[in-house]
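Numbering (this note's numbering), first residue to last: 134 to 248.
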């Protein structure tokens, strides 16, 4: 699965538009993922990534680069899951590059227009 486009209210995966947050993990796409804003990303919302742990989780944080609550990121660190937080447009591009390199990568994406 590749990100194939985005605008403020939509993310496209394999040309299919999604108008909600989404995640791609272990070959499956989940939409809506749950969190719609940065403050909604919690330890519980990241539990989906604890089964079949990825090497790295790309977290698209909406319009700008920001970081979820420290508790949520701490959970990833404790499980030895690398993570990168960046604006959702950059996150989509980075995910595609890492996937093309054959990396075990997952993505958690807020809509690009989210704050």
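We treat Cβ as the ideally placed atom computed from N, Cα and C, and that holds for glycine.
- In the displayed model, residue 188 falls within coil according to three-state DSSP, outside both helix and strand.
- With respect to the 8 Å criterion, residue 242 and residue 143 are not classified as neighbours on the basis of their beta carbons.
- For residue 211, the enclosing alpha helix (DSSP H) covers residues 203-211.
- In the displayed model, residue 182 falls within a helix according to three-state DSSP.
- Of 224, 180, 172, 150, the smallest CA-CA separation from residue 238 is found for 224.
- Burial state of residue 197 is exposed, judged by a 10 Å Cβ sphere holding fewer than 16 other Cβ atoms.
- Here the stretch 145-153 makes no contact with the stretch 170-186; the two share fewer than three CB pairs at distances below 8 Å.
- Between residue 145 and residue 188 the beta-carbon gap is near 25 Å, outside 8 Å, which marks them as no contact.
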